[in-house]
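2 protein chains.
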Amino acid sequence: MSSSTRFPNSLEAHAAASNLSATSSGLDVRLAARSGRLATHTSGLAAEYVQGNVAILPADLANDFLRFCQRNPKPCPLLAVSEPGDFRLPELGADLDLRSDVPRYRVWRHGELVDEPTDLREIWRGDLVSFVLGCSFSFEHALLADGLPLRHVQQGRNVAMYRTNVATRAAGPFHGPLVVSMRPLKAADAIRAVQITSRTPAVHGAPVHLGDPALIGIRDLARPDYGDAVDVAPGELPVFWACGVTPQAAIAAARPAFCITHAPGHMLVTDRLNRELDRA
Amino acid sequence: MSSSTRFPNSLEAHAAASNLSATSSGLDVRLAARSGRLATHTSGLAAEYVQGNVAILPADLANDFLRFCQRNPKPCPLLAVSEPGDFRLPELGADLDLRSDVPRYRVWRHGELVDEPTDLREIWRGDLVSFVLGCSFSFEHALLADGLPLRHVQQGRNVAMYRTNVATRAAGPFHGPLVVSMRPLKAADAIRAVQITSRTPAVHGAPVHLGDPALIGIRDLARPDYGDAVDVAPGELPVFWACGVTPQAAIAAARPAFCITHAPGHMLVTDRLNRELDRA
Chain A
1 MSSSTRFPNS LEAHAAASNL SATSSGLDVR LAARSGRLAT HTSGLAAEYV
51 QGNVAILPAD LANDFLRFCQ RNPKPCPLLA VSEPGDFRLP ELGADLDLRS
101 DVPRYRVWRH GELVDEPTDL REIWRGDLVS FVLGCSFSFE HALLADGLPL
151 RHVQQGRNVA MYRTNVATRA AGPFHGPLVV SMRPLKAADA IRAVQITSRT
201 PAVHGAPVHL GDPALIGIRD LARPDYGDAV DVAPGELPVF WACGVTPQAA
251 IAAARPAFCI THAPGHMLVT DRLNRELDRA
Chain B
1 MSSSTRFPNS LEAHAAASNL SATSSGLDVR LAARSGRLAT HTSGLAAEYV
51 QGNVAILPAD LANDFLRFCQ RNPKPCPLLA VSEPGDFRLP ELGADLDLRS
101 DVPRYRVWRH GELVDEPTDL REIWRGDLVS FVLGCSFSFE HALLADGLPL
151 RHVQQGRNVA MYRTNVATRA AGPFHGPLVV SMRPLKAADA IRAVQITSRT
201 PAVHGAPVHL GDPALIGIRD LARPDYGDAV DVAPGELPVF WACGVTPQAA
251 IAAARPAFCI THAPGHMLVT DRLNRELDRA
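This is the structure we're talking about:
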C-alpha cells in the first residue's frame, strides 16, 4: 500500500511520501515533483522560497502575453520568461526543468481544459515560451510573519477570489477583468498589511481596494468566483489584492489553440527566497 | 495705512507685508515672525520646510512630558527638545530663537488660556524646556505632491479633528484621548496615502484607522471636536491619522501651573526639509 493510498488527497500524504515540509528547500520540492512523488498543492511547503504561477504559450502568442503582463504588473508580476523552446529558467533555479517541476499542470486547447498531467515531457514543443509570475503565498508568508491573522489560513480554506468590474489593459487577444483575492482584516491590520505588501511589488504589492466591494463590481462576498468564501466579521474591512488568477482568466478569454498552466495551488517552487523580494 | 490694515486677518496681508510664500525658506518665515511682520498661520508658507508643533513647559514637568511623547510617538513625533532655559534649538535652525520665532503663542496657567502673545521675551524663564513635534503639514505636502486630493485644502478649511475612545499611554500628569485628523479618500487613494505617510514616521506616519468612525468612538463625522467638518462623498472612506492636538489635549488635562504652546496653525518653521523626513 502506497502512502498516497493511505492518505488520499492530503498534503500529509505527499509530505509523508516525499518528506517535504515548510522547512524544505525549493530544490527538494522540485525534485519530488520531477520524480512523481509530489502531485498535490504546494501551499505550506518550502515556506522560505518563492512560488510562482506558470503559463506556457506558443511563441506566436508570447509577445502579446508578455505585453499583457507588462501592462498589468499588479495581477501579473513577471518573475521570469524563458527563451522559446527552452524548458530551463536558470535565474529561478540552476537545475529547474519546466517540463517536470510543477506538481500538476493543466493543458488547454482552444480555451477548454483537456488534461491535468504531472509531466510535460511527452507533449513539450520547441516553440513554447514559459512565464513565471509571482504568487500571493509570498506576501501571505510576510503577513503571517508579522502576526496578522489570515482567516482562510486559520480555517484551512483556499483564499476567496472575485472577478471585478475593473478591466485589465488588453494586449493582442489577452483581455478580461482584474481578478482579486480578499482577506478580511481589522482597520489597523489592514493599514499594516498595506505597509507590508507594498514592500513586495514582485508578488502583487499593495492592495488595490478595501471597504465596499460594490465599488469594484463585487455583488456578494459570500459567493466568490474562485476559492472558498470566508466571513467578514463586525469591525473588519474586506481587503482586496490583485490576483494571479487574472492572467489565467485572460488566457481563457484569448482561447489559444494550445497552452499550459499550473493546476491551481500546484505552484513552481523556485530557489529564490521570499525575503529577496522585499525591497525595503 | 499699514499692510495689515489693508488686508485684515488674511494670509495675503502677511505675505504681502513680509513677502512670504510657499517658496520662502524656513529662515525667511522665522525672521518675519521674529520682527513682528508675521503673526498669522503658517499653512502654505515655506512649503519645502518642516513645520512643528511647539510645547514649552517648566523643567519639573519636562521629564514627564518627554516620557509622554516617547510612549505615544504617532501623535507626538518628537523632532527636538531644548536644554532647560535654552531658547535655542540649533538642530532645527542655526539662529532659531524659541522666544520669538513662532508667529503667535498661547500662554496657559492652570489649564486656562491667559494670553496670545507674538513674543515671549518678557515672560521667558530660566527653567523652561521646549519641545518641537512633527506636524501634518509635512505629510499633506507629500500627499498633494503625489496628486492625492485633500478636501479641506481644496475647500480652504482647517482639517477636521476628533477625540477618540483610544487612550494615550499616560506619563505623570499627562494623559487623555488620542486625537485624530480625518481626510476622506477613495479606497485606492487611501491605500496610496498609507504608503506615502508610512515613509514619514516623524510626522505622524501611517493612518491609525480607516472606515467606520464608531470603531474608535467617533459618533458624528459632521461634528468634529476641533477644526472644520468636511463631507465624506459616496465611495470614499474616512481615513484617520494621529494628530498633534493630542499632546495639547494631554497638557490641558494635566493643567500645569504654567505652560506655553503655539497658537493653532501658527507653527515653528524650521530649516529642516520635508524630504529629509522621508525614510524611503
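Respectively, the protein sequence lines represent chains A and B. So that you can map any letter, position 134 of the first sequence is 134 in the UniProt record's numbering, and since no number is skipped, the others follow by simple counting. So that you can map any letter, position 162 of the second sequence is 162 in the UniProt record's numbering, and since no number is skipped, the others follow by simple counting. Where is the CB? At the ideal position from N, CA and C, for every residue including glycine. Please read these numbers as outputs of a predicted model, since none were measured by experiment.
Item: On the CB-based measure, 16 or more other CB atoms within 10 Å of its CB, does V114 of chain B come out buried or exposed?; Value: exposed
Item: Mind checking if S136 of chain A is an interface residue toward chain B, Cβ cutoff 8 angstroms exclusive?; Value: no
Item: Quick one, which residues of the region 160-194 of chain B are near chain A if we go by CB-CB under 9 angstroms, in chain order?; Value: K186, A187, A188, A190, I191, R192, V194
Item: To the nearest angstrom, report how far apart P224 of chain B and R157 of chain B are at their CA atoms.; Value: 13 angstroms
Item: So, under 8 angstroms CB-CB, T42 of chain A and Q51 of chain A are touching, yes? Tell me the CB distance rounded to an integer number of Å.; Value: 6 angstroms
Item: Can you tell me whether D28 of chain A is helix, strand or coil according to DSSP?; Value: helix
Item: For the region 201-223 of chain B, which residues have a beta carbon sitting closer than 9 angstroms to at least one beta carbon of chain A?; Value: A206, P207, V208, H209, L210, G211, D212, L215, I216
Item: Along the region 235-248 of chain A, where does the CB come closer than 8 angstroms to a CB of chain B? Name the residues.; Value: G235, L237
Item: What whole-angstrom Cβ distance do V203 of chain A and F258 of chain A have, given they're in contact under 8 angstroms?; Value: Actually they are not in contact, since the Cβ atoms of V203 of chain A and F258 of chain A sit about 28 angstroms apart, beyond 8 angstroms.
Item: By DSSP, does residue 282 of chain A sit in helix, in strand, or in coil?; Value: Here chain A has residues from 1 to 280 only, and residue 282 of chain A is not among them.
Item: For the region 119-131 of chain B, which residues have a CB atom closer than 9 angstroms to at least one CB atom of chain A, in sequence order?; Value: none
Item: So, P207 of chain B versus V194 of chain B, is the Cβ gap smaller than 8 angstroms?; Value: yes
Item: Output the distance between the C-alpha atoms of G134 of chain A and L273 of chain B, rounded to the nearest integer angstrom.; Value: 37 angstroms
Item: Taking 6 angstroms as the limit between beta carbons, can you name the residues of its chain near V159 of chain B, skipping five residues before and five after?; Value: H152, S181, G227
Item: To which residues does DSSP link K186 of chain A through a beta bridge?; Value: A:E236
Item: Could you confirm whether any beta carbon from chain A is found closer than 8 angstroms to the beta carbon of S43 of chain B?; Value: no
Item: Checking 8 angstroms against the spacing of the C-beta atoms, do L148 of chain B and R109 of chain B come in under that value?; Value: no
Item: Cβ atoms of L210 of chain B and V232 of chain B: under 8 angstroms apart, would you say?; Value: no
Item: Quick one: Cα of I260 of chain B to Cα of R106 of chain B, how far?; Value: 6 angstroms
Item: Helix, strand or coil for R6 of chain B, going by three-state DSSP, please let me know.; Value: Confidence at R6 of chain B is low in this model, with a pLDDT of 38, below 50, so its placement is unreliable and no value can be given for it.
Item: Name the chain A residues that come within less than 9 angstroms of S25 of chain B, Cβ to Cβ?; Value: Here the premise fails: no neighbours, minimum Cβ distance about 32 angstroms.
Item: Just verifying my parser: in three-state terms, what is the DSSP assignment at S138 of chain B?; Value: helix
Item: What residues of chain A sit near S198 of chain B, judged by a beta carbon separation below 7 angstroms?; Value: Q195
Item: Helix, strand or coil for R192 of chain B per DSSP?; Value: helix
Item: Of the residues A:A187, A:S198, A:N19, which one's Cα is nearest the Cα of S136 of chain A?; Value: A:S198
Item: What residue from B:L98, B:A59, B:L61, B:R71 has the CA that sits closest to M267 of chain B's CA?; Value: B:L98
Item: Use the C-beta contact count for T23 of chain A: other C-beta atoms within 10 angstroms, 16 or more gives buried, fewer gives exposed.; Value: exposed
Item: Runs of 3 residues minimum, wholly inside the region 46-99 of chain A: which ones carry the beta strand (DSSP E) assignment?; Value: 49-58, 78-81
Item: On the criterion of 16 or more Cβ atoms from any shown chain inside 10 Å, does G176 of chain A qualify as buried, or is it exposed?; Value: buried
Item: In whole angstroms, what is the alpha-carbon distance linking V269 of chain A and Q70 of chain A?; Value: 22 angstroms
Item: Let me make sure I understand the geometry here. Which of A:L144, A:P247, A:E116, A:V129 has the alpha-carbon closest to that of F87 of chain A?; Value: A:V129
Item: Are the CB atoms of L96 of chain B and P256 of chain B nearer to each other than 8 angstroms?; Value: no
Item: Can you give me the C-alpha to C-alpha distance between R275 of chain A and E48 of chain A, rounded to a whole angstrom?; Value: 8 angstroms
Item: Please go through the same chain and pick out, in chain order, the residues whose beta-carbon is closer than 8 angstroms to the beta-carbon of P84 of chain A, but skip the five residues on each side of it.; Value: A59, A62, G126, D127, L128, V129
Item: Kindly give me the distance between the Cβ atoms of D271 of chain B and G26 of chain B, rounded to whole angstroms, as I take these residues to be in contact under 8 angstroms.; Value: 5 angstroms
Item: Can you give me the C-alpha to C-alpha distance between L31 of chain B and A188 of chain A, rounded to a whole angstrom?; Value: 42 angstroms
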